[in-house]
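Heads up: the sequence shown is residues 10 to 153, going by this note's numbering.
Even glycine gets a Cβ: it sits at the ideal position worked out from N, Cα and C.
Keep in mind that this is a model prediction, so the values were computed, not measured.
Worksheet: the structure to be examined is printed underneath.
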Amino acid sequence: NSYNSCQKLSKDESFQKFLNEDFLKLYKNNGYLINENLQNLKNTMQDIMIYYKLRYSFSKDVKDMSKNKNLDILNIDEKDGGTLLYKINNQACVGIELTRHDSRMAMKIYGIENLDKECKLFIQSPSFKDLSYTKKDFKWYYLE
């Protein structure tokens with residue numbers, strides 16, 4: 010029965026080692042990585058907002074808008090916006106869309122599915138979902 014199986018597992022040294030070392034490390038580090046990635050993404054969003062507010066345009070050179078090395082341009086028009094890609098583990102993980110919404114320039118972010126575990130954990134985390142969605146729709150960040 011399952012009780013006996015659990016009893017056996019509780020005495021299994023390799024299982025105990027996994028729980029106390031590998032599992033804990035994985036669990037704790039993921040929380041840290043999610044928070045670190047979230048803070049970096051927020052800072053990047055802030056960089057883009059400030060750049061736009063100062064110039065009322067975007068740049069074709071991503072380094073002008075943010076020094077974050079994880080940011081790439083998918084497509085951009087200096088006046089009409091476009092799509093930026095935010096990378097985690099060198100893979101596109103978050104899309105940053107810059108477009109007019111309610112006749113004002115705005116930004117929204119969304120997760121991009123890929124096979125990277127760190128990216129999956131990040132875009133499925135409550136803190137990322139809170140940054141990107143309301144109960145009904147995407148969260149829009151107005152730049153003007």
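Check: Who are the Cβ neighbours of Y151 in its own chain at under 7 Å, not counting the five residues just before and after it?
Finding: Position 142 of the sequence shown, counting from 1, holds the residue named residue 151. Around Y151, the same chain offers R113 and A115 as residues with beta carbons nearer than 7 Å, after the five sequence neighbours per side are excluded.
Notebook entry, point to check: Is L63 helix, strand or coil when you go by DSSP?
Noted result: Numbered from 1 along the sequence shown, position 54 holds the residue referred to as residue 63. L63 falls in the helix class under three-state DSSP.
Item checked: Host alpha helix (DSSP H) of N10 (start-end) -> Residue numbering aside, residue 10 sits at position 1 when the sequence shown is read from its first letter. N10 -> no alpha helix (DSSP H), and no H or E assigned at all.
Next item on the list: Since I believe I85 is in contact with N104 (beta carbons under 8 Å), could you give me their beta-carbon distance rounded to a whole number of angstroms?
Entry: As a first step, residue 104 is located in the sequence shown; it is residue number 95 there, counting from the start. As a first step, residue 85 is located in the sequence shown; it is residue number 76 there, counting from the start. The residue asked about is misnamed: residue 104 is Gly in this sequence, not Asn. Their Cβ separation, rounded to whole angstroms, is 13 Å, which puts G104 and I85 out of contact at 8 Å.
Check: Just the Cα atoms here: how many angstroms apart are V71 and Q133?
Finding: If you number the sequence shown from 1, residue 71 lands on position 62. If you number the sequence shown from 1, residue 133 lands on position 124. For V71 and Q133, the distance between alpha carbons rounds to 26 Å.
Next item on the list: Pull up the distance between the alpha-carbon of S5 and that of L140, whole angstroms please.
Entry: Nothing can be reported for residue 5: it is not among the residues displayed for the chain, which extend from 10 to 153.
Item checked: Through-space distance from Y61 to L107, alpha-carbon basis -> Locating residue 107 in the sequence shown gives position 98, counting from the first residue. Locating residue 61 in the sequence shown gives position 52, counting from the first residue. L107 and Y61: Cα-Cα distance of roughly 10 Å.
Margin query: Between E45, S11, I59 and Y65, which has its C-alpha nearest K88's C-alpha?
Written below: Position 79 of the sequence shown, counted from the start, is the residue given in the question as residue 88. From the listed residues E45, S11, I59 and Y65, the smallest Cα separation to K88 is found for Y65.
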